[in-house]
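S.K.: Residues in the sequence shown are numbered from 22 upward in steps of one, following the numbering used here. From the three backbone atoms N, C-alpha and C, an ideal C-beta is built for every residue, glycine too. Here the structure is a predicted model, which is why all the values come from computation and not from measurement. Take a look at this one; I'll ask things after.
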Amino acid sequence: MSNLPQTDSASVAVVTGGHAYDVPGFHALFRNLSGADCYIQHMEDFVSDAGQVRQDYDVVLFYNMPGGAPQPELGGYQGRIAGVLEELGSRSQGVFVLHHGILAYPDWPFWSDLIGMVERSFTFHHDEQLHVEIAQPDHPITSGLSAWEMVDETYVMAEPDADNDILLTVDHPRSTKAIAWSRIFRQAPVFCFQSGHDNKTYANPHFRRIVERGIQWCAGRL
22 MSNLPQTDSA SVAVVTGGHA YDVPGFHALF RNLSGADCYI QHMEDFVSDA
72 GQVRQDYDVV LFYNMPGGAP QPELGGYQGR IAGVLEELGS RSQGVFVLHH
122 GILAYPDWPF WSDLIGMVER SFTFHHDEQL HVEIAQPDHP ITSGLSAWEM
172 VDETYVMAEP DADNDILLTV DHPRSTKAIA WSRIFRQAPV FCFQSGHDNK
222 TYANPHFRRI VERGIQWCAG RL
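Written out as structure tokens, the structure reads:
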């Protein structure tokens, strides 16, 4: 029996760490998502799992950006990160990697395999005006949606690997073309969404809709 409250909404561990963010805006985003009960927590809380619920979340959403790779030789929770994260994909628990989470652990092949992007060196640009196109209109996350405009930070880096399903694209000189993609990693559905730097983006209703649908798809509800 799970220690998480039993509701009709998808339960989501929102894991942070390694990068600052707009706390009020970020909490407002996840507090107001439809169909999702979100538990924002630092990586230390996720790994330590004091409430013994880590495996019970429907979705684990990563908004973290530590450098290098986990170091099992370290003491405390830091030494347990690799072992815990390497359990991802061993069950159908969904994985959602948001914004700078795509850049996490740049020296760790496991994270590159999880998100489907081997080459992850990058440059970034703030406050870019983007026109977002639907690349795959028959995917459950993007079905019925139309193109939209938003302001966000962009990354200039390699495109996702060929074994991903590309869902959203932009045509911008300071951005990768693909900004959202889905994949299956082992047994787990994985959704990666490059957007989400600050409240200019958090407050965009189209961005919020993609986050909501991404969570539902990762939870096996779409």
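Which first and last residues belong to the beta strand (DSSP E) in which residue 64 is found?
M.R.: The residue given as residue 64 occupies position 43 in the sequence shown. Segment 64-69 is the alpha helix (DSSP H) holding residue 64; no beta strand (DSSP E) there.
S.K.: Determine, for residue 88, whether the minimum Cβ-Cβ distance to residues of chain D falls below 7 Å.
M.R.: Of the protein chains in the structure, only one exists, and it is not chain D.
S.K.: Bridge partners for residue 61 per DSSP, in chain order?
M.R.: On the sequence shown, residue 61 is found 40 positions in, with the first residue counted as 1. DSSP lists 35 as partners of residue 61.
S.K.: What are the start and end residues of each continuous alpha helix (DSSP H) run of 4 or more residues lying completely inside the stretch 107-145, in chain order?
M.R.: 130-136
S.K.: Which one of 117, 63, 135, 88 has the shortest CA to CA distance from residue 44?
M.R.: For the purposes of this step, residue 44 is taken as residue 23 along the sequence shown, with counting starting at 1. Here the closest residue by C-alpha is 63.
S.K.: Are the beta-carbon atoms belonging to residue 80 and residue 236 less than 7 Å from one another?
M.R.: For the purposes of this step, residue 80 is taken as residue 59 along the sequence shown, with counting starting at 1. For the purposes of this step, residue 236 is taken as residue 215 along the sequence shown, with counting starting at 1. It is a contact, given that the beta carbons lie within the stated cut-off.
S.K.: Hey, residue 146 and residue 174 are a contact pair by Cβ (cut 8 Å); roughly how many whole angstroms apart?
M.R.: Numbered from its first residue, the sequence shown carries residue 146 at position 125. Numbered from its first residue, the sequence shown carries residue 174 at position 153. Correct: roughly 7 Å between the Cβ atoms.
S.K.: Helix, strand or coil: how does DSSP classify residue 163 here?
M.R.: As a working mapping, residue 163 is identified with position 142 in the sequence shown. Coil, per DSSP.
S.K.: Between the Cα of residue 168 and those of 160, 155, 140, spot the shortest distance and give me the residue it belongs to.
M.R.: The count along the sequence shown starts at 1 and reaches residue 168 at position 147. When each option's Cα is compared against that of residue 168, the closest is 155.
S.K.: Three or more C-beta pairs closer than 8 Å, one from the stretch 179-198 and one from the stretch 218-230: is that the case here?
M.R.: no
S.K.: Could you compute how far the alpha carbon of residue 164 sits from the alpha carbon of residue 95?
M.R.: In the sequence shown, residue 164 corresponds to position 143, counting from 1. In the sequence shown, residue 95 corresponds to position 74, counting from 1. Going from the Cα of residue 164 to the Cα of residue 95 covers about 45 Å.
S.K.: Could you pull out every residue in the same chain whose Cβ sits closer than 6 Å to the Cβ of residue 201, ignoring the five residues on either side in sequence?
M.R.: Here residue 201 is taken as the residue at index 180 of the sequence shown, counted from 1. Counting only Cβ-Cβ distances below 6 Å, and skipping sequence neighbours, we find 188, 189, 214.
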